Each structure stands twice: as structure tokens, then as C-alpha cells.
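Residue numbers (this note's numbering): 1 to 73.
Yeah, the Cβ is synthetic: ideal placement off N, Cα and C, and Gly gets one too.
Source: prediction; values computed, not measured.
Worksheet: the structure to be examined is printed underneath.
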């Protein structure tokens with residue numbers, strides 16, 4: 001169970017954690033709201049979650065390209 005919890009909290013894109021930091025809400029409550037709305041709306045927030053994860057990864061990629069390190073030159 002700890003392995004699954006670690007994967008969800010640390011490896012699953014970090015969307016809920018990032019939203020929690022931005023809105024000053026705990027990430028666990030955001031995860032619960034996400035799970036509840038997913039069940040009530042038959043999974044449609046999953047699409048929103050994936051779009052947000054894609055956006056966050058693109059931002060990381062663009063920032064890395066804008067400020068390359070010495071080893072990348």
C-alpha cells in the first residue's frame with residue numbers, strides 16, 4: 001500500500017500538489033475532491049487532470065530550454 005501511495009503522491013505528475021500550493025489548500029483534500037467528482041461525473045475530470053499534467057510538463061520543458069545549463073550548450 002505504501003508503494004501505491006508513494007507513486008500517487010510523488011510520481012503521478014504532481015498536479016494536485018501544484019494546485020494545493022497555488023491555492024493554499026492541502027493536496028490530500030484536492031485529491032479527495034477529484035476522486036468524488038470523478039465518480040459523480042463518470043470520469044470526466046480525468047481528461048482535465050491529463051490536460052493539466054501535460055501543461056505542467058510543457059512548462060518544465062520550455063523553462064529548461066529558455067535557461068540551458070553549461071552542460072547542455
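- Query: Rounded to the nearest angstrom, how far is the Cβ of residue 15 from that of residue 56, given a contact under 8 Å?
  - Reply: Taking the chain shown and counting its residues from 1, one reaches residue 15 at position 15. Taking the chain shown and counting its residues from 1, one reaches residue 56 at position 56. Their Cβ separation, rounded to whole angstroms, is 7 Å, which keeps residue 15 and residue 56 in contact under 8 Å.
- Query: When you compare only the Cα positions, how much space is there between residue 41 and residue 48?
  - Reply: Taking the chain shown and counting its residues from 1, the one referred to as residue 41 is at position 41. Taking the chain shown and counting its residues from 1, the one referred to as residue 48 is at position 48. Those two C-alpha atoms are separated by around 12 Å.
- Task: Put residue 45 into one of helix, strand or coil per three-state DSSP.
- Result: Looking up residue 45 in the chain shown gives position 45. Residue 45: helix per DSSP, three-state reduction.
- Message: So for residue 20, helix, strand or coil by DSSP?
- Response: Taking the first residue of the chain shown as 1, we reach residue 20 at position 20. Helix at residue 20.
- In terms of residue numbering, what span does the alpha helix (DSSP H) encompassing residue 26 cover? The residue you call residue 26 lines up with position 26 of the chain shown. No alpha helix (DSSP H) contains residue 26, which DSSP labels as neither H nor E.
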